[in-house]
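J.: Residue numbers (our numbering): 105 to 314. Below is the structure I would like to discuss, written out as C-alpha cells.
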Ligand SMILES: N[C@@H](CCC(=O)N[C@@H](CS)C(=O)NCC(=O)O)C(=O)O
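Rendered as C-alpha cells:
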C-alpha cells in the first residue's frame with residue numbers, strides 16, 4: 105500500500121485527491137512539520153530532509169517527493185482513469201508543461217504574494233506590492249485565458265494537474281488575493297470542489313483553519 109504524508113490544505117492534499125481519483129490502495133497520514141517533537145513529523149523529516157510535504161512511501165518502501173513527480177506517478181498507476189495522458193505522447197509532454205506551470209510558476213508566486221506587504225517604509229511596500237501584483241497577474245491571466253475556452257487545464261477532462269491548481273488557487277484566501285477579475289478561474293475552482301472525490305477528501309481531512 106502507498107502511504108501519503110500530507111498537510112491539510114497544503115499542496116500535498118492534491119496527492120490525496122489523486123490517490124482517491126486513481127482508486128488505488130493508500131493510507132493518508134497528516135503531519136504537522138512545525139511540531140518539533142511530534143513523532144510523525146520527526147519521521148517525515150527523515151524521509152524528506154527538505155522537511156516538506158508531499159512525501160509518498162511506495163509499496164516497496166522507496167520514497168518519492170515533489171508534486172510534479174508524485175502526481176504523475178499516481179496518475180500512471182491507474183491508466184484507465186486517464187488522470188494524465190499516456191507517457192511518451194505529445195499530449196503528455198503538453199501535460200508536463202502545464203504541471204510545471206502549476207508547480208514552478210503558479211505555486212511559488214501565490215506564496216510570494218503573501219510577502220508583498222513586508223517592506224519597512226511606505227515606498228518600499230508600494231514597490232513590493234506593484235512587483236508581486238504584476239508577477240501573480242501574469243500567471244493568473246495565462247490560466248484565465250486557458251480556462252475561458254475549456255473546463256479544465258488540459259481540455260474537456262479533469263486531470264491531477266487540476267487538483268493541484270485548485271489547492272494553489274485556494275491559497276488566494278490567506279494571501280488576500282482577490283480573484284474577481286478571473287471569472288473562469290472562479291468557475292473552475294467551484295467545479296472541481298464539487299467533484300465527489302474532492303468532497304470525500306475534504307471531509308476526510310476536515311476543515312482548514314486559514
Ligand atoms: N517543490 C515542492 C514544494 C512542496 C511544498 O511547497 N510543500 C509545502 C506545503 S504546500 C511544505 O511542505 N512547506 C513546509 C515548509 O516549507 O517548511 C513540491 O512540489 O513538492
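We put the beta carbon where it would ideally sit given N, CA and C, even for glycine.
#1: Take residue 115 and list the residues in its own chain whose beta-carbon comes closer than 8 Å to its own, dropping the five residues that flank it on each side.
#2: Here's the rule: buried if 16 or more other CB atoms are within 10 angstroms of the residue's CB, otherwise exposed. What is residue 189?
#3: Taking 9 Å as the cut-off, decide whether the C-beta atoms of residue 274 and residue 215 are in contact.
#4: Exposed or buried, residue 219, counting other C-beta atoms within 10 Å across all chains shown (16 or more means buried)?
#5: Is residue 181 helix, strand or coil when you go by DSSP?
#6: In whole angstroms, what separates the C-alpha of residue 255 from that of residue 298?
#7: Going by beta-carbon coordinates alone, are residue 213 and residue 231 separated by less than 9 Å?
#8: Counting C-beta neighbours from all protein chains within 10 Å, is the total for residue 202 16 or more, i.e. buried, or is it exposed?
#9: Check whether the stretch 273 to 292 and the stretch 242 to 249 are in contact - that is, three or more C-beta pairs closer than 8 Å.
#10: State the CB to CB distance for the pair residue 181 and residue 264, rounded to an integer number of angstroms; the pair is presumed to be in contact (CB under 8 Å).
#11: Please tell me whether, using a cut-off of 8 Å, the distance from the CB of residue 116 to the nearest non-hydrogen atom of ligand 1 is below it.
#12: Hey, would you say the C-beta of residue 171 is under 8 Å away from at least one heavy atom of ligand 1?
#13: Straight-line CA distance for residue 133 to residue 108?
#14: Distance check for residue 229 and residue 249, CA to CA, integer angstroms please.
#15: Here's a check: name, in chain order, each residue in its chain whose Cβ is nearer than 7 Å to the Cβ of residue 257, leaving out the five neighbours to either side.
#16: Taking the straight line between their C-alpha atoms, what separation do you get for residue 164 and residue 221?
T.: Let me lay it out:
#1: So the qualifying residues of the chain are 157, 158, 171, 211, 268, 271, 272.
#2: Buried, since its Cβ has 16 or more Cβ neighbours within 10 Å.
#3: No, Cβ-Cβ distance for residue 274 and residue 215 is not below 9 Å.
#4: Residue 219 comes out exposed.
#5: In the displayed model, residue 181 falls within a helix according to three-state DSSP.
#6: Straight-line measurement puts the Cα of residue 298 at about 13 Å from the Cα of residue 255.
#7: Result no, Cβ atoms of residue 213 and residue 231 do not sit closer than 9 Å.
#8: The residue in question, residue 202, is buried, as its Cβ has 16 or more Cβ neighbours within 10 Å.
#9: Because the criterion of three Cβ pairs below 8 Å is met, the stretch 273 to 292 and the stretch 242 to 249 touch.
#10: Approximately 11 Å separates the beta-carbon atoms of residue 181 and residue 264; this is outside 8 Å, ruling out the contact.
#11: Relative to ligand 1, the beta carbon of residue 116 is positioned inside 8 Å of a heavy atom.
#12: The answer is yes for residue 171.
#13: One C-alpha to the other measures close to 6 Å.
#14: Taking the CA atoms as reference points, residue 249 sits about 30 Å from residue 229.
#15: Counting only Cβ-Cβ distances below 7 Å, and skipping sequence neighbours, we find 202, 250, 263, 265, 266, 269.
#16: The straight-line gap from Cα to Cα measures roughly 46 Å.
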